[in-house]
Amino acid sequence: MMKLDGSYGEGGGQILRTAVALSAVTGESVEINNIRKMRPKPGLSAQHVKAVESAAALCDGKVSGCALHSTALTFAPGKIKGGIYDIDIGTAGSITLLLQCLMPIALHSPENVKFKISGGTDVSWSPTIDYMRFVTFGAFSRMGYDCIIRLVSRGYYPRGGGRVEAAITPAKLKRTVFENNACDFVPGISHSSNLPVHVAQRQASSAQEILKQEGYDTRITVITGANLSTGSGLTLWCGCVGGSALGKPGLPAEKVGSLAAEALLVELKSRAGVDVYLADQLIPYMALAGGGSFITRMISLHTRTNIWVTEQFLGVKFNIQKLETGLFRVSV
């Protein structure tokens with residue numbers, strides 16, 4: 002049985018998600034201790050519990066210690082199976098973080114998998130649903146992994162109520178190199194719920210103005226509506242880099258637009274092949290593909306943590322090389 006210290010590196014939910022996913026893929030049981038030990042509220046939150054329970058359902062796994070605030074659990078995987086899974090995370094628990102845990106498992110299913118997930122689509126401290134649709138899944142597609150997301154409704158903090166359907170086609174990953182990301186056109190989606198239409202329009206206009214000044218053509222789609230929860234946000238992307246920002250009370254719509262545009266520009270100006278946030282997501286998939294590489298502008302603690310967990314399970318060795326440009330090449 003693999004034993005992992007959940008306080009290693011980033012020390013948050015990522016170790017849990019990656020370890021459970023790779024446990025299911027490899028068939029090796031795992032015991033994780035000190036889960037989220039240094040967080041203000043240590044142990045498992047409701048969304049972590051739901052991720053582990055969902056992973057267990059996907060592979061007929063056995064779990065002990067999977068309860069709110071638990072700092073230790075054991076996950077013993079069974080056989081991965083396809084089918085339709087209806088998952089309610091509760092309130093605004095992150096749908097994208099749940100998918101991060103389930104996607105590597107679904108990749109190895111003997112038949113297609115469909116997830117119907119309720120929770121938060123656009124919440125803090127996690128990729129937005131549009132980032133996952135267009136950046137993460139765009140990169141996966143290049144690796145041969147086809148994933149289709151249908152956004153039924155958006156869910157914002159704190160009420161959630163978002164609904165997403167994800168259709169997964171199992172595949173054999175191919176080695177892929179993500180080292181160039183030439184870009185002159187930036188698409189985006191500016192959205193709001195239960196707010197005046199001009200909020201999403203102002204977010205989009207602010208971002209477009211900044212990107213135009215930097216020489217980029219843009220097409221930002223404005224989507225407004227009425228959902229269970231109130232909120233707004235903007236996600237921009239170009240190939241394997243993205244930038245997002247969420248609205249909140251007291252934050253002008255123009256500031257939301259500028260934050261998203263500036264986040265994207267930091268990545269575009271670096272000339273990296275993938276952004277800092279996609280980098281850590283690619284780590285287990287590159288190892289499962291038997292090799293690959295990417296260039297990114299910095300090595301985040303999340304990336305180093307995912308490298309460590311992946312090396313434990315798959316017996317691979319990642320190489321991090323600092324280039325003359327100041328960028329970093331990560332290969333396996």
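Convert by adding 1 to the 1-based position in the sequence shown; the result is the number in our numbering.
We put the CB at the ideal spot given by N, CA and C, even for glycine.
If you're wondering where the values come from, they're calculated on a predicted model, not measured in any experiment.
Quiz item: Can you pull the DSSP bridge partners for residue 119?
Solution: Here the question's residue 119 lines up with position 118 in the sequence shown. According to DSSP, residue 119 bridges with 89, 164.
| Limits of the unbroken beta strand (DSSP E) element including residue 297 | Residue numbering aside, residue 297 sits at position 296 when the sequence shown is read from its first letter. Note, residue 297: beta strand (DSSP E), 293 to 297.
Handout entry: Three-state secondary structure (DSSP) of residue 158
Key = By 1-based counting over the sequence shown, the position of residue 158 is 157. Correct three-state label for residue 158: coil.
Where are the alpha helix (DSSP H) runs, 4 residues long or more, that stay fully inside the stretch 249 to 287, in chain order?
With a minimum length of 4 residues, the continuous alpha helix (DSSP H) runs that stay inside the stretch 249 to 287 are 254 to 271.
With C-beta atoms as the reference, is residue 161 less than 9 Å away from residue 94? Position 160 of the sequence shown holds residue 161. Position 93 of the sequence shown holds residue 94. Yes, the Cβ-Cβ distance between residue 161 and residue 94 is below 9 Å.
Where residue 234 and residue 58 are concerned, what is the direct C-alpha to C-alpha distance, given to the nearest angstrom?
Numbered from 1 along the sequence shown, position 233 holds the residue referred to as residue 234. Numbered from 1 along the sequence shown, position 57 holds the residue referred to as residue 58. Each residue's Cα considered, the two are about 32 Å apart.
Between the CA atoms of residue 312 and residue 255 - distance to the nearest angstrom: By 1-based counting over the sequence shown, the position of residue 255 is 254. By 1-based counting over the sequence shown, the position of residue 312 is 311. Approximately 43 Å, taken between the alpha carbons.
Check: Whole-angstrom Cβ separation of residue 150 and residue 165, contact assumed at under 8 Å?
Finding: Against the sequence shown, residue 150 aligns to sequence position 149. Against the sequence shown, residue 165 aligns to sequence position 164. Indeed, because the Cβ distance is near 6 Å, the residues count as touching under 8 Å.
- [ ] Per DSSP, which residues does residue 239 bridge with? Please list them.
- [x] To locate residue 239, count along the sequence shown from 1; it is residue 238. DSSP output for residue 239 lists 242 as bridge partner(s).
Check: Going straight from the alpha carbon of residue 268 to that of residue 62, what length do you get?
Finding: By one-based count along the sequence shown, residue 268 stands at place 267. By one-based count along the sequence shown, residue 62 stands at place 61. Our two residues, residue 268 and residue 62, have alpha carbons roughly 39 Å apart in a direct line.
Residue 85 vs residue 120 beta-carbon contact at 9 Å: Looking up residue 85 in the sequence shown gives position 84. Looking up residue 120 in the sequence shown gives position 119. No, these two residues do not count as a Cβ contact at 9 Å.
Which of helix, strand or coil does DSSP assign to residue 2? Translated into positions along the sequence shown, residue 2 becomes position 1. Three-state result, residue 2: coil.
- Task: Take every Cβ of the stretch 292 to 306, pair it with every Cβ of the stretch 197 to 204, and state whether three or more of those distances are shorter than 8 Å.
- Result: These segments do not touch.
Discussion item. Just to check my reading of the structure: residue 241 and residue 275 have Cβ atoms closer than 8 Å, yes? What is that Cβ distance to the nearest angstrom?
Written reply: Counting from 1 along the sequence shown, the entry for residue 241 is found at position 240. Counting from 1 along the sequence shown, the entry for residue 275 is found at position 274. So it is a contact: roughly 4 Å between Cβ atoms.
DSSP three-state assignment for residue 130, whether helix, strand or coil: As a working note, residue 130 is residue 129 in the sequence shown. DSSP places residue 130 in helix when its eight states are reduced to three.
Margin query: Is the beta carbon of residue 20 closer than 9 Å to that of residue 331?
Written below: Your numbering for residue 331 matches position 330 in the sequence shown. Your numbering for residue 20 matches position 19 in the sequence shown. Contact: no.
| query | Excluding five sequence neighbours on each side, which residues of the same chain lie with their C-beta closer than 8 Å to the C-beta of residue 129? | reply | Working through the sequence shown from its first residue, we reach residue 129 at position 128. In the same chain as residue 129, and ignoring 5 residues on each side of it, the C-beta atoms closer than 8 Å to its own belong to 97, 122, 123, 234, 236, 245, 247, in chain order.
Candidates 46, 194, 289, of which the one nearest residue 24 by Cα: For the purposes of this step, residue 24 is identified with residue 23 of the sequence shown, where counting begins at 1. It is 289.
Quiz item: Any contact of the stretch 179 to 195 with the stretch 217 to 228, i.e. 3+ C-beta pairs under 8 Å?
Solution: These segments touch.
Does DSSP classify residue 136 as helix, strand or coil? As a position in the sequence shown, residue 136 is number 135, starting the count at 1. In this structure, residue 136 counts as helix in the three-state DSSP scheme.
**Asked** Rounded to a whole number of angstroms, what is the C-alpha to C-alpha distance between residue 308 and residue 198?
**Response** As a first step, residue 308 must be located in the sequence shown, where it is residue number 307. As a first step, residue 198 must be located in the sequence shown, where it is residue number 197. Between residue 308 and residue 198, the alpha-carbon positions lie close to 43 Å from each other.
What would DSSP say about residue 179, mapped onto helix, strand or coil? Within the sequence shown, residue 179 is the residue found at index 178, counting from 1. In the three-state scheme derived from DSSP, where H, G and I count as helix and E and B as strand, residue 179 is classed as strand.
Q.
Cutting at 6 Å between CB atoms, please list the residues of its own chain near residue 210, excluding the five before and the five after it.
A. Along the sequence shown, read from residue 1 onward, the residue named residue 210 stands at position 209. Leaving aside the five residues that flank residue 210 on each side, none in its chain has a CB nearer than 6 Å to its CB.
| request: Report the residue ranges of all alpha helix (DSSP H) runs contained in full by the stretch 44 to 94; include only those spanning at least 4 residues, in chain order. | output: Segments of the alpha helix (DSSP H) lying fully in the stretch 44 to 94: 47 to 60.
Note to self: Let's test the definition: count the other Cβ atoms within 10 Å of the Cβ of residue 47 and tell me whether it reaches 16, buried, or not, exposed.
What the structure shows: On the sequence shown, position 46 is the one that residue 47 refers to. The residue is exposed, with fewer than 16 neighbouring Cβ atoms inside 10 Å.
(Q) Using 8 Å for Cβ pairs, my map puts residue 107 next to residue 171. What's the rounded Cβ distance? (A) Residue 107 sits at position 106 when you count from the first residue of the sequence shown. Residue 171 sits at position 170 when you count from the first residue of the sequence shown. Sure, about 7 Å apart at Cβ, within 8 Å.
Less than 9 Å between the beta carbons of residue 186 and residue 220, yes or no?
Within the sequence shown, the letter at position 185 stands for residue 186. Within the sequence shown, the letter at position 219 stands for residue 220. Against a cut-off of 9 Å, the Cβ pair of residue 220 and residue 186 comes out as a contact.
Q) DSSP on residue 188, reduced to helix/strand/coil? A) For the purposes of this step, residue 188 is taken as the residue at position 187 of the sequence shown. Of the three classes helix, strand and coil, the one that applies to residue 188 here is strand, per DSSP.
Per-residue DSSP class, three states only, for residue 14:
Here residue 14 corresponds to residue number 13 of the sequence shown, with the count starting at 1. The answer is helix: DSSP assigns residue 14 an H, G or I state.
Spatially closest choice to residue 104 from 55, 43, 68, 32, by CA coordinates
Counting from one through the sequence shown, the residue named residue 104 turns up at place 103. The shortest Cα separation from residue 104 among 55, 43, 68, 32 belongs to 55.
- Query: From 325, 306, 158, pick the residue whose C-alpha is nearest to that of residue 284; which is it?
  - Reply: By one-based count along the sequence shown, residue 284 stands at place 283. Ranking the options by Cα distance to residue 284, first place goes to 306.
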